[in-house]
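Asker: Quick note, the sequence shown lines up with residues 2 to 383 if you use the numbering used here.
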Amino acid sequence: MTLRKFQKKQKAKVQRLWGPDCGLRPAIFAGLVLLSGLFTWGATPAVAAGTPTGTTSASSAAEDTAHLSAVGFEVVRVPNGSEPPLAAGIWYPTSAEPRDVPLENFKQHVAPSGPVKGRALPLIVISHGGGGSYAGHYDTAIALARAGFIVAAVSHAGDTYDDQSKVLMLWRRPAQLSRLIDFMLTDWQGHADIDPQRIGAFGFSNGGFTVLVEAGGIPNLDRIDPYCAANPQHDLCTTLAKAGVHSVAEAAQPPPDAWKSDLRIRAIAAAAPAFGFTFDRAGLASVQIPVLLWRAANDQHQPDPWYEEPIRAALPRPPEYHVEPLAGHYAFLPPCSTRLRAIAPIACVDAPGFDRAAFHQRLNAALASFFSSSLQSQSASH
């Protein structure tokens, strides 16, 4: 499918969701998709899978990969209970020769299904932002694999570029990330090369919320209504208002056992975590593992001090904390080519003076350093 055809398909899909014949709940889903810029980004489904065919991205143009360690890659299907399997991508060190490999409308320089190089390697799992896919942080995955990590990213069913039907059911995401870990430790062909005592998680936006829950965080979604009463001009609240939603009680409610931590995860990194204001000291009291927290200083979608700041203040252990000057919310997504900027300007166009490619070099290096030191220091107990 071409980019143009996919864009038309997504536009029609959102129009159907917003149409007058829709029920309330689909309208909420569509509103949150638009809130996060997901329709715009979702029009280019594997934007993070690599460089668009026939074009050169800002990052790849500046990067000479000849001297870098080779990275293997494969796509797998992860069992998901009674639902269809989850799609996931896996990056890892390899001795095989890499090449440019298409992935949907994009390409990445990897060795498909190459053998794993190394033993007892740490594992990092990645949770994408709302309306994304497992490909959403490909450059970070490749950088971590080059640093000696096995990296696995899952497409969160019900909150991907082609299916936002369960975008408000946030409790589904942590369960899916844990199923990815189950798969990596037992069923993946290279599972014997993973050190199960060294597992970390990285998440962006909705994914940042996801990894906080996996680390032991318990959000209170009832805080959304008072938040919007106090901040009716914020994106989340204007979107809910346009959808005719006066209370989140009108949406699906989490089951009693919704928020479950995964004790196998020993360190997390959260970039621009969504719904930060739903956490307080009591809700984060069980988060006792190392946390790296990253904020975009110019985040217009999740404005300070309502997202990272409540989390930073409430964590029982002070996190490693970074604020990136000039960065917008989507700065954590990979640099875009000229073609992608034309298709997805909200997700691709940065503030004057901000160099996303240079930022990603710092971001990826910081993540590799954080996980290397944090996972190395962890004991067998959580």
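Virtual Cβ for every residue (Gly too), placed ideally from N, Cα, C.
The structure presented is a predicted model; accordingly, all values stated were derived computationally and were not measured.
Quick one: does the C-beta of PRO353 sit closer than 7 Å to a heavy atom of the ligand SAM?
Answerer: Of ligands this structure carries none, so the ligand SAM is not represented either.
Asker: Label PHE40 either buried or exposed according to how many other C-beta atoms from any shown protein chain fall within 10 Å of its C-beta, with 16 as the threshold for buried.
Answerer: Residue confidence is low: PHE40 scores 33 on pLDDT, short of 50, so the model does not pin down where it sits. No coordinate-derived value is stated.
Asker: When we look at the beta-carbon of GLY284 and count the other beta-carbons within 10 Å, is it buried (16 or more) or exposed?
Answerer: Burial call: buried.
Asker: Specify the secondary structure class of PRO85 as computed by DSSP and reduced to three states.
Answerer: The answer is strand: DSSP assigns PRO85 an E or B state.
Asker: Would you check if there are 3 or more beta carbon pairs closer than 8 Å linking the segment 259 to 272 to the segment 189 to 208?
Answerer: Yes, they touch.
Asker: According to DSSP, simplified to helix, strand and coil, what is GLU310?
Answerer: It is helical.
Asker: Going straight from the alpha carbon of ASN232 to that of HIS302, what length do you get?
Answerer: Whole-angstrom Cα-Cα distance: 13 Å.
Asker: Which stretch, first to last residue, makes up the alpha helix (DSSP H) that contains GLN377?
Answerer: Note, GLN377: alpha helix (DSSP H), 357 to 377.
Asker: Pull up the CB-CB distance for ARG120 and VAL72, whole angstroms please, since I reckon it's below 8 Å.
Answerer: Rounded, the Cβ-Cβ distance is 17 Å, inconsistent with contact.
Asker: Please report the residue range of the beta strand (DSSP E) in which GLY204 lies.
Answerer: Start and end: 195 to 205.
Asker: Around the C-beta of ALA273, are 16 or more other C-beta atoms found within 10 angstroms, so that it is buried, or is it exposed?
Answerer: By the neighbour-count rule (16 or more Cβ atoms within 10 Å), ALA273 is buried.
Asker: What did DSSP end up calling ALA268 once you bin it into helix, strand or coil?
Answerer: ALA268: strand per DSSP, three-state reduction.
Asker: Rounded C-beta distance between ASN207 and ARG174? I'm assuming under 8 Å.
Answerer: That belief holds up - the Cβ atoms of ASN207 and ARG174 are roughly 7 Å apart, short of 8 Å.
Asker: Please classify SER134: does DSSP put it in a helix, a strand, or coil?
Answerer: In this structure, SER134 counts as coil in the three-state DSSP scheme.
Asker: Going straight from the alpha carbon of PRO257 to that of VAL214, what length do you get?
Answerer: If you take the alpha carbons of PRO257 and VAL214, they lie about 15 Å apart.
Asker: How is the alpha helix (DSSP H) around SER156 delimited, first residue to last?
Answerer: Note, SER156: premise wrong, no alpha helix (DSSP H); not H, not E.
Asker: Using a Cβ-Cβ cutoff of less than 6 Å, which residues in the same chain neighbour GLY130 once the five nearest sequence positions on both sides are dropped?
Answerer: Closer than 6 Å at the Cβ level, and outside the excluded window around GLY130, lie PHE205, SER206, ASN207, GLY208.
Asker: Of all the beta strand (DSSP E) runs that stay within the bounds of the segment 213 to 289, which reach a length of 3 or more residues?
Answerer: With a minimum length of 3 residues, the continuous beta strand (DSSP E) runs that stay inside the segment 213 to 289 are 268 to 272.
Asker: With DSSP as the reference, identify every bridge partner of ILE125, one or two as the case may be.
Answerer: Looking at the DSSP assignment, ILE125 forms a beta bridge with VAL152, GLY201.
Asker: Determine, using beta-carbon pairs with one atom in the segment 92 to 105 and one in the segment 134 to 152, whether at least three such pairs fall under 8 Å.
Answerer: Cβ pair count under 8 Å is three or more, so yes.
Asker: Taking all protein chains shown into account, decide if ARG357 is buried (16 or more other Cβ within 10 angstroms of its Cβ) or exposed.
Answerer: Flag for ARG357 reads buried.
Asker: Our contact map puts VAL111 next to PHE74 with C-beta atoms below 8 Å; I'd like the distance itself, whole angstroms only.
Answerer: So it is a contact: roughly 4 Å between Cβ atoms.
Asker: First and last residue of the beta strand (DSSP E) that includes LEU104?
Answerer: Residues 100 to 104.
Asker: In its own chain, which residues sit with a C-beta less than 6 Å from the C-beta of ASP194, not counting the 5 before and 5 after it?
Answerer: For ASP194, where only same-chain residues beyond five positions count, the Cβ hits under 6 Å are VAL117, ARG120, LEU122.
Asker: Between THR211 and SER128, how many whole angstroms is the CB-CB distance? I'm expecting something under 8 Å.
Answerer: Contact flag correct, Cβ pair sits at about 4 Å.
Asker: How many whole angstroms separate the CB atoms of ASN221 and THR279, which I take to be in contact at a CB cut-off of 8 Å?
Answerer: The Cβ separation is near 5 Å, so the contact holds.
Asker: What does a CB cutoff of less than 7 Å around PRO320 pick up in its chain, not counting 5 residues either side in sequence?
Answerer: VAL292, LEU293, LEU294, ARG313.
Asker: Whole angstroms are fine: how far does the CA of ARG180 sit from the CA of ASP101?
Answerer: Each residue's alpha carbon lies about 30 Å from the other.
Asker: Tell me which same chain residues have a C-beta within less than 8 Å of the C-beta of PRO85, skipping the five on either side of it?
Answerer: Correct list, in chain order: ALA158.
Asker: By a C-beta neighbour count over all protein chains shown, 10 Å radius and 16 as the cutoff for buried, is LEU69 buried or exposed?
Answerer: Counting Cβ neighbours within 10 Å, LEU69 comes out exposed, since fewer than 16 surround it.
Asker: For PRO291, name the three-state secondary structure that DSSP assigns.
Answerer: Three-state DSSP puts PRO291 in coil, outside helix and strand.
Asker: Enumerated in chain order, which unbroken segments of the alpha helix (DSSP H) with a length of 4 residues or greater are wholly contained in the segment 160 to 192?
Answerer: Listed in chain order, the complete alpha helix (DSSP H) runs (minimum 4 residues) inside the segment 160 to 192 are 173 to 187.
Asker: Starting from PRO94, follow its DSSP beta bridges and name the residues at the other end.
Answerer: BP columns for PRO94 point to VAL72.
Asker: In angstroms, rounded to a whole number, what distance separates the CA positions of ASP305 and ALA250?
Answerer: Roughly 25 Å between the two C-alpha positions.
Asker: If I measure Cβ to Cβ from MET170 and keep anything under 7 Å in the same chain, skipping five residues before and after, which residues do I get?
Answerer: GLY159, ALA253.
Asker: Measure the alpha-carbon distance for PRO113 versus GLU98 and round it to whole angstroms.
Answerer: Each residue's Cα considered, the two are about 9 Å apart.
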